[in-house]
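Numbering (the UniProt record's numbering), first residue to last: 1 to 278.
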(Lines of atoms letter the chains of each structure in order from A; the text may use other names.)
(Lines give C-alpha, C1' and ligand atoms only; values in the text may rest on other atoms or scores of the structure.)
Protein backbone atom coordinates (compact mmCIF):
# COMPACT_ATOMS: atom_id res chain seq x y z
CA UNK A 1 0.00 0.00 0.00
CA UNK A 2 0.95 3.63 -0.38
CA UNK A 3 2.94 5.46 2.30
CA UNK A 4 1.26 8.40 4.06
CA UNK A 5 3.60 11.31 4.87
CA UNK A 6 2.56 14.05 7.29
CA UNK A 7 3.29 17.41 5.63
CA UNK A 8 5.19 19.66 8.07
CA UNK A 9 3.85 17.25 10.67
CA UNK A 10 0.10 17.60 10.19
CA UNK A 11 -0.27 21.26 9.30
CA UNK A 12 -3.98 21.10 8.63
CA UNK A 13 -4.52 19.95 12.21
CA UNK A 14 -1.69 21.34 14.37
CA UNK A 15 0.94 24.10 14.00
CA UNK A 16 3.46 23.23 11.31
CA UNK A 17 7.05 22.21 11.97
CA UNK A 18 6.52 22.05 15.74
CA UNK A 19 7.02 19.26 18.24
CA UNK A 20 3.30 19.21 19.16
CA UNK A 21 2.47 18.94 15.47
CA UNK A 22 4.84 16.02 15.03
CA UNK A 23 3.48 14.32 18.14
CA UNK A 24 -0.03 14.55 16.70
CA UNK A 25 1.11 13.16 13.36
CA UNK A 26 2.66 10.23 15.22
CA UNK A 27 -0.66 9.63 17.01
CA UNK A 28 -2.31 9.39 13.60
CA UNK A 29 0.18 6.74 12.54
CA UNK A 30 1.97 8.33 9.59
CA UNK A 31 4.73 6.41 7.82
CA UNK A 32 6.92 9.51 7.46
CA UNK A 33 7.05 13.06 8.75
CA UNK A 34 8.07 15.78 6.31
CA UNK A 35 9.77 18.82 7.84
CA UNK A 36 11.68 21.90 6.69
CA UNK A 37 15.04 23.14 7.93
CA UNK A 38 17.30 26.17 7.73
CA UNK A 39 20.30 27.41 9.67
CA UNK A 40 20.53 30.22 12.22
CA UNK A 41 23.25 32.86 12.19
CA UNK A 42 25.20 30.89 14.78
CA UNK A 43 25.01 27.58 12.93
CA UNK A 44 22.07 25.81 14.56
CA UNK A 45 19.79 23.77 12.28
CA UNK A 46 16.23 24.87 13.04
CA UNK A 47 12.81 24.10 11.63
CA UNK A 48 10.77 26.55 9.57
CA UNK A 49 9.31 26.46 6.09
CA UNK A 50 10.21 29.96 4.92
CA UNK A 51 13.68 31.46 4.79
CA UNK A 52 12.11 34.71 6.01
CA UNK A 53 10.06 34.51 9.20
CA UNK A 54 6.40 34.89 8.31
CA UNK A 55 3.57 36.42 10.37
CA UNK A 56 1.34 33.67 8.97
CA UNK A 57 2.73 31.11 11.40
CA UNK A 58 5.00 33.05 13.79
CA UNK A 59 4.46 35.73 16.42
CA UNK A 60 7.02 37.83 18.24
CA UNK A 61 6.93 37.65 22.04
CA UNK A 62 9.92 39.49 23.53
CA UNK A 63 13.52 40.23 22.55
CA UNK A 64 16.14 37.60 23.35
CA UNK A 65 17.88 40.19 25.50
CA UNK A 66 16.94 43.72 26.58
CA UNK A 67 17.42 46.31 23.88
CA UNK A 68 18.13 43.82 21.08
CA UNK A 69 18.19 46.08 17.98
CA UNK A 70 17.07 43.18 15.75
CA UNK A 71 13.71 42.91 17.54
CA UNK A 72 11.03 42.36 16.30
CA UNK A 73 12.22 39.26 14.50
CA UNK A 74 9.26 38.39 12.28
CA UNK A 75 10.06 39.54 8.75
CA UNK A 76 13.78 38.84 9.10
CA UNK A 77 15.72 35.92 7.61
CA UNK A 78 16.50 32.86 9.69
CA UNK A 79 20.16 33.06 8.72
CA UNK A 80 20.39 36.58 10.14
CA UNK A 81 19.14 35.61 13.62
CA UNK A 82 20.71 33.48 16.33
CA UNK A 83 19.12 30.39 17.81
CA UNK A 84 18.42 32.35 20.99
CA UNK A 85 16.52 35.00 19.05
CA UNK A 86 14.55 32.39 17.10
CA UNK A 87 13.61 30.59 20.32
CA UNK A 88 11.60 33.60 21.49
CA UNK A 89 9.06 33.24 18.67
CA UNK A 90 5.66 31.66 19.21
CA UNK A 91 5.10 29.09 16.45
CA UNK A 92 1.92 27.69 17.95
CA UNK A 93 -0.72 29.44 15.84
CA UNK A 94 -1.34 29.77 12.11
CA UNK A 95 -3.43 32.61 10.76
CA UNK A 96 -4.47 31.03 7.50
CA UNK A 97 -8.06 30.60 6.38
CA UNK A 98 -7.30 27.38 4.48
CA UNK A 99 -6.59 25.46 7.70
CA UNK A 100 -8.65 24.69 10.78
CA UNK A 101 -5.79 23.56 12.96
CA UNK A 102 -5.95 23.57 16.73
CA UNK A 103 -3.43 26.14 18.04
CA UNK A 104 -0.77 25.26 20.59
CA UNK A 105 0.16 28.64 22.08
CA UNK A 106 3.77 28.89 23.14
CA UNK A 107 5.09 26.16 20.87
CA UNK A 108 8.61 27.11 19.87
CA UNK A 109 10.63 26.79 16.70
CA UNK A 110 12.43 23.50 17.41
CA UNK A 111 15.95 22.58 16.45
CA UNK A 112 16.55 19.57 14.24
CA UNK A 113 18.31 17.90 17.18
CA UNK A 114 15.23 18.33 19.37
CA UNK A 115 13.05 16.96 16.59
CA UNK A 116 15.29 13.91 16.22
CA UNK A 117 15.12 13.31 19.97
CA UNK A 118 11.32 13.13 19.67
CA UNK A 119 11.21 11.02 16.52
CA UNK A 120 14.21 8.72 16.94
CA UNK A 121 12.48 6.25 19.28
CA UNK A 122 9.39 5.93 17.05
CA UNK A 123 10.68 4.30 13.88
CA UNK A 124 8.98 6.88 11.65
CA UNK A 125 10.85 8.05 8.52
CA UNK A 126 12.18 11.63 8.57
CA UNK A 127 11.75 13.47 5.26
CA UNK A 128 13.96 16.53 5.75
CA UNK A 129 13.62 19.34 3.24
CA UNK A 130 16.56 21.75 3.06
CA UNK A 131 15.28 25.24 2.32
CA UNK A 132 17.73 26.85 -0.08
CA UNK A 133 17.27 28.54 -3.45
CA UNK A 134 19.35 29.10 -6.58
CA UNK A 135 20.54 32.46 -5.28
CA UNK A 136 22.56 30.78 -2.53
CA UNK A 137 26.31 30.40 -3.12
CA UNK A 138 27.33 26.77 -3.40
CA UNK A 139 29.39 27.06 -0.22
CA UNK A 140 26.25 27.88 1.76
CA UNK A 141 24.43 24.90 0.23
CA UNK A 142 27.31 22.63 1.20
CA UNK A 143 27.41 24.03 4.74
CA UNK A 144 23.69 23.48 5.36
CA UNK A 145 23.79 19.99 3.85
CA UNK A 146 26.75 19.03 6.02
CA UNK A 147 25.11 20.45 9.16
CA UNK A 148 21.81 18.63 8.55
CA UNK A 149 23.40 15.28 7.84
CA UNK A 150 25.65 15.66 10.89
CA UNK A 151 22.62 16.14 13.17
CA UNK A 152 20.79 13.16 11.64
CA UNK A 153 23.87 10.97 11.96
CA UNK A 154 24.47 12.00 15.56
CA UNK A 155 20.84 11.17 16.39
CA UNK A 156 21.18 7.68 14.93
CA UNK A 157 18.46 8.14 12.29
CA UNK A 158 20.59 7.94 9.16
CA UNK A 159 18.93 4.74 7.97
CA UNK A 160 15.45 6.24 8.01
CA UNK A 161 16.08 9.82 6.97
CA UNK A 162 15.72 11.27 3.48
CA UNK A 163 17.14 14.51 2.10
CA UNK A 164 14.62 16.58 0.12
CA UNK A 165 15.21 19.70 -1.96
CA UNK A 166 13.81 21.82 -4.76
CA UNK A 167 17.32 23.21 -5.20
CA UNK A 168 18.93 20.12 -6.68
CA UNK A 169 22.42 21.31 -5.78
CA UNK A 170 21.55 20.03 -2.31
CA UNK A 171 20.95 16.59 -3.80
CA UNK A 172 24.15 16.56 -5.83
CA UNK A 173 26.11 17.59 -2.72
CA UNK A 174 24.35 14.93 -0.63
CA UNK A 175 25.15 12.29 -3.24
CA UNK A 176 28.81 13.37 -3.32
CA UNK A 177 29.48 13.81 0.38
CA UNK A 178 26.67 11.99 2.21
CA UNK A 179 25.56 9.11 -0.05
CA UNK A 180 24.14 7.10 2.85
CA UNK A 181 21.04 9.33 2.81
CA UNK A 182 18.32 8.64 0.21
CA UNK A 183 17.59 11.74 -1.88
CA UNK A 184 14.23 13.15 -2.95
CA UNK A 185 14.01 15.47 -5.97
CA UNK A 186 11.19 17.95 -5.44
CA UNK A 187 9.55 19.64 -8.43
CA UNK A 188 6.71 22.08 -8.93
CA UNK A 189 5.52 24.13 -11.86
CA UNK A 190 7.74 27.08 -10.89
CA UNK A 191 10.93 25.04 -10.78
CA UNK A 192 10.22 23.42 -14.15
CA UNK A 193 10.09 26.69 -16.11
CA UNK A 194 12.22 26.59 -19.29
CA UNK A 195 14.84 28.95 -17.81
CA UNK A 196 14.92 27.19 -14.44
CA UNK A 197 17.94 27.49 -12.14
CA UNK A 198 16.54 25.01 -9.63
CA UNK A 199 17.66 21.74 -11.23
CA UNK A 200 21.43 22.00 -10.79
CA UNK A 201 21.96 23.04 -14.39
CA UNK A 202 19.84 20.27 -15.92
CA UNK A 203 17.02 21.03 -18.41
CA UNK A 204 13.44 20.93 -17.17
CA UNK A 205 11.83 19.27 -20.18
CA UNK A 206 12.37 15.76 -18.74
CA UNK A 207 12.45 15.97 -14.93
CA UNK A 208 12.37 12.20 -14.50
CA UNK A 209 15.55 11.64 -16.49
CA UNK A 210 17.14 14.64 -14.81
CA UNK A 211 16.33 13.29 -11.33
CA UNK A 212 17.75 9.91 -12.26
CA UNK A 213 20.88 11.57 -13.64
CA UNK A 214 21.67 13.28 -10.33
CA UNK A 215 21.18 10.03 -8.43
CA UNK A 216 17.84 10.74 -6.75
CA UNK A 217 15.91 7.88 -5.17
CA UNK A 218 12.52 9.60 -5.27
CA UNK A 219 10.83 12.11 -7.53
CA UNK A 220 8.40 14.24 -5.52
CA UNK A 221 6.14 16.26 -7.83
CA UNK A 222 3.36 18.69 -7.07
CA UNK A 223 0.17 16.64 -7.33
CA UNK A 224 -1.07 18.52 -10.42
CA UNK A 225 2.09 17.39 -12.24
CA UNK A 226 1.57 13.75 -11.35
CA UNK A 227 0.26 11.71 -14.28
CA UNK A 228 0.21 7.97 -15.04
CA UNK A 229 2.91 8.58 -17.64
CA UNK A 230 5.17 10.39 -15.19
CA UNK A 231 4.78 7.65 -12.58
CA UNK A 232 5.50 4.92 -15.12
CA UNK A 233 8.56 6.77 -16.43
CA UNK A 234 9.85 7.31 -12.90
CA UNK A 235 9.45 3.64 -12.06
CA UNK A 236 11.28 2.70 -15.27
CA UNK A 237 14.21 4.74 -13.91
CA UNK A 238 13.96 3.04 -10.49
CA UNK A 239 12.60 6.22 -8.92
CA UNK A 240 9.75 6.08 -6.42
CA UNK A 241 7.12 8.84 -6.60
CA UNK A 242 5.90 10.87 -3.61
CA UNK A 243 3.16 13.33 -4.64
CA UNK A 244 2.30 16.47 -2.65
CA UNK A 245 0.11 17.95 -1.21
CA UNK A 246 -2.83 15.53 -1.25
CA UNK A 247 -5.67 16.51 1.07
CA UNK A 248 -8.76 14.65 -0.11
CA UNK A 249 -9.53 10.92 -0.33
CA UNK A 250 -10.66 11.43 -3.92
CA UNK A 251 -7.31 12.90 -4.96
CA UNK A 252 -5.52 10.17 -3.04
CA UNK A 253 -7.48 7.47 -4.84
CA UNK A 254 -6.62 8.98 -8.23
CA UNK A 255 -2.92 9.09 -7.45
CA UNK A 256 -2.90 5.59 -6.02
CA UNK A 257 -4.50 4.35 -9.23
CA UNK A 258 -1.55 5.90 -11.07
CA UNK A 259 0.84 3.79 -8.98
CA UNK A 260 2.16 6.60 -6.79
CA UNK A 261 4.30 5.25 -3.94
CA UNK A 262 3.70 7.94 -1.28
CA UNK A 263 1.26 10.76 -0.60
CA UNK A 264 2.22 13.88 1.35
CA UNK A 265 -0.77 15.35 3.18
CA UNK A 266 -1.72 18.17 5.55
CA UNK A 267 -4.45 15.92 6.93
CA UNK A 268 -3.11 12.46 7.80
CA UNK A 269 -6.43 11.65 9.50
CA UNK A 270 -8.16 11.74 6.10
CA UNK A 271 -5.80 9.15 4.60
CA UNK A 272 -5.36 6.77 7.53
CA UNK A 273 -7.04 3.94 5.64
CA UNK A 274 -4.26 4.10 3.03
CA UNK A 275 -1.36 3.52 5.41
CA UNK A 276 1.29 1.03 4.44
CA UNK A 277 0.92 -1.99 6.76
CA UNK A 278 3.63 -2.51 9.37
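Ideal Cβ placement from N, Cα and C applies to all residues, glycine included.
Asked                                                                                                                             : Found
Buried/exposed call for residue 65, threshold 16 Cβ in 10 Å                                                                       : exposed
Sub-8 Å separation of residue 48 and residue 109 beta-carbons                                                                     : yes
Alpha carbon of residue 199 to alpha carbon of residue 187, nearest angstrom                                                      : 9 Å
Buried versus exposed call for residue 268 [16 or more other C-beta atoms within 10 Å across all chains shown]                    : buried
Residue 82 versus residue 39 - alpha carbon distance                                                                              : 9 Å
Neighbour-count burial assignment, residue 85, 16 or more Cβ in a 10 Å radius                                                     : buried
Residue(s) in a DSSP beta bridge with residue 161                                                                                 : 126
CB contact flag (residue 25, residue 41, <8 Å)                                                                                    : no
For residue 77, the three-state DSSP class (helix, strand or coil)                                                                : strand
For residue 183, the first and last residue of its enclosing beta strand (DSSP E)                                                 : 183 to 187
Separation of residue 2 from residue 144, as counted between CA atoms                                                             : 31 Å
Simplified DSSP state of residue 71, which is helix, strand or coil                                                               : coil
Buried or exposed by the 16-neighbour rule on C-beta atoms within 10 Å, applied to residue 190                                    : exposed
Length of the line joining the Cα atoms of residue 71 and residue 94                                                              : 21 Å
Outcome for residue 105 when other beta-carbon atoms lying within 10 angstroms are tallied against a minimum of 16                : exposed
Own chain partners of residue 233 with C-beta closer than 6 Å, once the 5 adjacent residues on each side are dropped              : 208
Cβ pair residue 127, residue 164 closer than 8 Å                                                                                  : yes
Residue 99 to residue 57 span [Cα, whole Å]                                                                                       : 12 Å
Buried or exposed by the 16-neighbour rule on C-beta atoms within 10 Å, applied to residue 167                                    : buried
Beta-carbon contacts of residue 180 that lie in its chain and below 6 Å, excluding the five residues immediately before and after : 158
Integer Cβ distance of residue 61 from residue 89, believed to fall under 8 Å                                                     : 7 Å
Secondary structure of residue 21, DSSP reduced to three states                                                                   : helix
Residue 251 vs residue 223 beta-carbon contact at 8 Å                                                                             : yes
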